[in-house]
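**Q** Quick note: the sequence shown uses the numbering used here, first residue 446, plus one each step.
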Amino acid sequence: LTRCLFNKSLNNKKTYFTPIHNHTESSVSTTSSEIDIGSSHHRYATIGSSHPYLIYTNGNISSPHHSKLMSTTSLLRSPSRSLQYHIEGVCGNSSYGTQRLFNFDLNQNQFIPSHKINIKRQIDNRHQILGGGEICQGELQVNQSLIPITIRRLLPNASVQSKISFFNEISLLSSLCHPNIIHAYGFCSEPSISLLIESCDKSTIDLYQYLQNYKQEQPMETILYTTTVFFASQVSSALAYLESLHIYHRDIATRNCLVSIDLHIKLHDLAMCNEIYADDYVLVTVGNDIKTRRPIRWCAWETICLNRFTSKSDVFSFGVLLWEILTMAERPHSLFDDEQVLFNLRNSNHCLIIPSYADDLIDLILSCWNKCDYDRPSFYQLNDFLSQKQQQQQLLTMKSDNYQQID
């Protein structure tokens with residue numbers, strides 16, 4: 446569940462949505478009767494189906510965690526209470542912890558004319574059940590050159606709910622700015638509403654493929670500690686940034702991490718649209734007999750049993766990602782079929798065997814897998830720990846180089 450901060454200003458009589466930073470996650474839901482937007486002090490509240498309808502209008506806030514402006518709004522009550530207030534990614538698997546944006550204004554610099562876009566091919570779209578979207582590859586004209594892009598396009602027959610979610614997704618993703626997250630250039634409106642995001646060059650592969658190639662070339666070797674920390678610190682940095690904005694990725698795995706030739710990682714969420722990873726997503730029943738595809742071998746128990754996503758459920762999946770790196774891209778729970786994996790999740794049995802490796806990383810993985818989500822570390826803590834380890838490795842490398850020069 447997502448927690449948001451409501452701040453009532455008595456002077457201008459407007460209520461603004463502001464992201465919370467450095468807070469402790471809670472799995473306890475706040476009822477609508479506990480929300481008093483007329484009070485003069487800050488109140489925490491859980492945004493969910495139990496709360497009144499909220500509509501964004503005008504207003505701007507900026508987050509200290511990124512340089513671009515997030516367009517937001519004043520909040521208005523409405524008698525309708527029938528809809529959920531979490532934004533679901535239309536073509537990916539992310540969930541955004543914010544309210545619906547009906548009367549929002551997209552920044553003009555996010556709009557891209559359709560004549561600058563060349564659609565090359567459509568990617569496999571087995572999972573259009575995600576909300577009526579499709580994925581295409583194309584090119585974007587920038588000055589006199591063409592750059593590769595990935596296009597998330599809304600289908601003409603998409604539902605109203607999907608259209609609302611997609612507009613929200615465009616508004617939010619276009620405002621993100623982090624070196625380890627795929628960049629969104631903006632949107633176009635013809636022939637259908639589309640989100641244009643960065644597409645890496647042909648030399649870029651995902652982290653799963655990188656580890657597989659490494660294992661084939663050096664079958665007797667495990668990945669170096671320094672490389673593991675370097676990869677993990679980049680991913681944790683991206684996820685700490687998303688955590689600060691209450692964005693839940695929901696599909697953290699090596700397949701969703703792109704690796705460039707210089708080992709720079711960028712996080713995305715389109716692996717589930719790739720045919721080669723189709724078996725990683727299993728059709729399960731959650732909530733009120735809702736069928737949806739989930740990467741069950743990477744999921745925390747509460748996402749399957751309670752249909753609950755938080756940054757702490759992402760932390761659990763991050764632990765599995767680290768396990769993938771240490772095992773050179775082994776399949777989690779490879780000795781179990783899907784039904785056995787689901788049975789173990791529902792009975793809170795986590796059966797991954799951790800290979801021999803540095804104790805500090807093993808302890809880190811185990812902390813991510815705590816049964817109680819509030820006992821798991823935050824991404825801020827994980828990134829702080831991994832950044833320190835990376836700095837230590839850099840110092841050791843510098844000392845080693847100095848000794849070699851002396852010799």
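The C-beta atom is built at its ideal place from N, Cα and C for all residues, glycine as well.
For ASN794, is the classification buried or exposed, using 16 other Cβ atoms within 10 angstroms of its Cβ as the cut-off for buried?
**A** On the sequence shown, position 349 is the one that residue 794 refers to. By the neighbour-count rule (16 or more Cβ atoms within 10 Å), ASN794 is not buried but exposed.
**Q** Does the Cβ of ARG566 have 16 or more other Cβ atoms within 10 Å, making it buried, or fewer, making it exposed?
**A** The count along the sequence shown starts at 1 and reaches residue 566 at position 121. Exposed is the call here.
**Q** Quick test of your reading: VAL704 and GLN838, contact by CB under 8 Å. State the CB separation rounded to the nearest angstrom.
**A** Translated into positions along the sequence shown, residue 704 becomes position 259. Translated into positions along the sequence shown, residue 838 becomes position 393. Their Cβ separation, rounded to whole angstroms, is 18 Å, which puts VAL704 and GLN838 out of contact at 8 Å.
**Q** Taking only three categories from DSSP, how would you classify LYS834?
**A** Indexing the sequence shown from 1 puts residue 834 at position 389. Looking at LYS834 - three-state DSSP - the assignment turns out to be helix.
**Q** From which residue to which residue does the alpha helix (DSSP H) around LEU766 run?
**A** Here the question's residue 766 lines up with position 321 in the sequence shown. Note, LEU766: alpha helix (DSSP H), 756-771.
**Q** For PHE754, which residues of its own chain have a beta-carbon under 7 Å away from its beta-carbon, when the five flanking residues on both sides are left out?
**A** Working through the sequence shown from its first residue, we reach residue 754 at position 309. Only SER540, TYR693, ARG695, THR748 meet the Cβ criterion.
**Q** Please list the terminal residues of the continuous alpha helix (DSSP H) segment that includes TYR686.
**A** Locating residue 686 in the sequence shown gives position 241, where the first residue counts as 1. First-last of the alpha helix (DSSP H) with TYR686: 670-689.
**Q** Does the beta-carbon distance from LEU790 to CYS744 come in below 9 Å?
**A** Numbered from 1 along the sequence shown, position 345 holds the residue referred to as residue 790. Numbered from 1 along the sequence shown, position 299 holds the residue referred to as residue 744. Their beta carbons are under 9 Å apart, which means LEU790 touches CYS744 by this criterion.
**Q** Can you check whether the CB of TYR630 is closer than 9 Å to the CB of ILE642?
**A** As a working note, residue 642 is residue 197 in the sequence shown. As a working note, residue 630 is residue 185 in the sequence shown. Yes; because the gap between Cβ atoms is below 9 Å, this pair is in contact.
**Q** Thinking C-beta only, is SER648 closer than 9 Å to ILE706?
**A** Here residue 706 corresponds to residue number 261 of the sequence shown, with the count starting at 1. Here residue 648 corresponds to residue number 203 of the sequence shown, with the count starting at 1. Cβ distance < 9 Å, so ILE706 and SER648 count as in contact.
**Q** List, from N- to C-terminal side, the alpha helix (DSSP H) runs of 4 residues or more that fit wholly inside the stretch 584-662.
**A** Complete alpha helix (DSSP H) runs here, min 4: 605-618, 652-662.
**Q** By Cβ distance below 6 Å, which residues in the same chain neighbour ASN563 in space, the five residues on each side in sequence not counted?
**A** Walking along the sequence shown from the start, residue 563 turns up at place 118. Counting only Cβ-Cβ distances below 6 Å, and skipping sequence neighbours, we find GLY583, GLU584.
**Q** Starting from GLN567, trace the beta strand (DSSP E) both ways and give me its first and last residue.
**A** Locating residue 567 in the sequence shown gives position 122, where the first residue counts as 1. Looking at the DSSP string, the run of the beta strand (DSSP E) that includes GLN567 is 562-567.
**Q** So for LEU711, helix, strand or coil by DSSP?
**A** Reading the sequence shown from its first residue, position 266 is the one you call residue 711. A small correction: the amino acid at residue 711 is Lys; Leu does not occupy that position in the sequence shown. Note: LYS711 maps to strand in three-state DSSP.
**Q** For the putative contact between GLN835 and SER678, defined by C-beta atoms under 8 Å, what is the C-beta separation to the nearest angstrom?
**A** Numbered from 1 along the sequence shown, position 390 holds the residue referred to as residue 835. Numbered from 1 along the sequence shown, position 233 holds the residue referred to as residue 678. At roughly 5 Å, the Cβ-Cβ gap stays under 8 Å, so GLN835 and SER678 are in contact.
**Q** Beta strand (DSSP E) containing ARG738: first to last residue?
**A** Along the sequence shown, read from residue 1 onward, the residue named residue 738 stands at position 293. Unbroken beta strand (DSSP E) run through ARG738: 735-739.
**Q** Tell me the residue span of the beta strand (DSSP E) that contains THR730.
**A** For the purposes of this step, residue 730 is taken as residue 285 along the sequence shown, with counting starting at 1. It spans 727-731 - the beta strand (DSSP E) in which THR730 sits, taken as one unbroken run.
**Q** Straight-line CA distance for ARG738 to ASP808?
**A** In the sequence shown, residue 738 corresponds to position 293, counting from 1. In the sequence shown, residue 808 corresponds to position 363, counting from 1. Looking at the two C-alpha atoms, the distance is approximately 30 Å.
**Q** Label SER604 either buried or exposed according to how many other C-beta atoms from any shown protein chain fall within 10 Å of its C-beta, with 16 as the threshold for buried.
**A** If you number the sequence shown from 1, residue 604 lands on position 159. The residue in question, SER604, is exposed, as its Cβ has fewer than 16 Cβ neighbours within 10 Å.
**Q** Need the endpoints of the alpha helix (DSSP H) that LEU806 sits in, please.
**A** As a working note, residue 806 is residue 361 in the sequence shown. Segment 804-813, the alpha helix (DSSP H) holding LEU806.
**Q** Who pairs with VAL703 in a beta bridge, going by DSSP?
**A** Taking the first residue of the sequence shown as position 1, residue 703 is located at position 258. According to the sequence as given, residue 703 is Leu; it is not Val. DSSP, once it has assigned bridges, lists ASP651, LYS711 as partnering LEU703.
**Q** Give me whichever residues DSSP pairs with ILE557 in a beta bridge.
**A** On the sequence shown, residue 557 is found 112 positions in, with the first residue counted as 1. None; ILE557 has no bridge partner.
**Q** Inspect the beta-carbon positions of HIS623 and TYR686 and report whether they are closer than 9 Å.
**A** As a first step, residue 623 is located in the sequence shown; it is residue number 178 there, counting from the start. As a first step, residue 686 is located in the sequence shown; it is residue number 241 there, counting from the start. Yes, they are a contact pair.
**Q** Tell me which same chain residues have a C-beta within less than 7 Å of the C-beta of PHE830, skipping the five on either side of it?
**A** Numbered from 1 along the sequence shown, position 385 holds the residue referred to as residue 830. Excluding sequence neighbours, PHE830 sits near LEU809.
**Q** Starting from ILE721, follow its DSSP beta bridges and name the residues at the other end.
**A** For this step, residue 721 is matched to residue 276 along the sequence shown. According to DSSP, which records beta bridges pairwise, ILE721 is partnered with nothing at all.
**Q** Below 7 Å CB to CB, which residues in the same chain sit around MET843 once its five sequence neighbours on both sides are set aside?
**A** In the sequence shown, the residue the question calls residue 843 occupies position 398. Nothing listed; no residue qualifies.
**Q** I'd like the list of long-range same chain contacts for ARG821, defined as Cβ closer than 7 Å, with 5 residues on each side in sequence excluded.
**A** Here residue 821 is taken as the residue at index 376 of the sequence shown, counted from 1. Excluding positions up to five away in sequence, the list reads LYS757, VAL760, PHE761, SER812, CYS813, ASN815.
**Q** Note down the Cα distance separating GLU769 from ALA723, rounded to an integer number of angstroms.
**A** Along the sequence shown, one-based indexing puts residue 769 at 324. Along the sequence shown, one-based indexing puts residue 723 at 278. Looking at the two C-alpha atoms, the distance is approximately 18 Å.
**Q** Just to confirm before moving on: does the CB-CB distance between LEU640 and LEU618 stay below 9 Å?
**A** Taking the first residue of the sequence shown as 1, we reach residue 640 at position 195. Taking the first residue of the sequence shown as 1, we reach residue 618 at position 173. Yes; because the gap between Cβ atoms is below 9 Å, this pair is in contact.
**Q** Reducing DSSP to helix, strand and coil, say where VAL750 ends up.
**A** Along the sequence shown, read from residue 1 onward, the residue named residue 750 stands at position 305. Before going on, a small fix: residue 750 reads as Cys here, not Val. Correct three-state label for CYS750: helix.
**Q** Restricting to Cα atoms, I'd like to know which of MET773, TYR819, LEU787, LEU827 is closest to MET665.
**A** Counting from 1 along the sequence shown, the entry for residue 665 is found at position 220. Comparing Cα-Cα distances from MET665 to each of MET773, TYR819, LEU787, LEU827, the minimum goes to MET773.
**Q** Using the beta-carbon count (16 or more within 10 Å), is ILE721 buried or exposed?
**A** In the sequence shown, the residue the question calls residue 721 occupies position 276. Its Cβ having fewer than 16 others within 10 Å, ILE721 is exposed.
**Q** In this structure, does DSSP put GLU863 in helix, strand or coil?
**A** Coverage of the chain is limited to positions 446 through 852, which leaves residue 863 absent and any answer about it impossible.
**Q** Hey, how far is the Cα of PRO800 from the Cα of LEU771?
**A** Translated into the one-based positions of the sequence shown, residue 800 becomes position 355. Translated into the one-based positions of the sequence shown, residue 771 becomes position 326. Going from the Cα of PRO800 to the Cα of LEU771 covers about 7 Å.
**Q** Please classify PRO558: is it buried, with 16 or more other beta-carbons within 10 angstroms of its beta-carbon, or exposed?
**A** By one-based count along the sequence shown, residue 558 stands at place 113. When all chains shown are included, PRO558 counts as exposed.
**Q** Which same chain residues, not among the five before or five after TYR726, have their C-beta less than 6 Å away from its C-beta?
**A** Translated into the one-based positions of the sequence shown, residue 726 becomes position 281. Correct list, in chain order: MET717, ARG738, PRO740.
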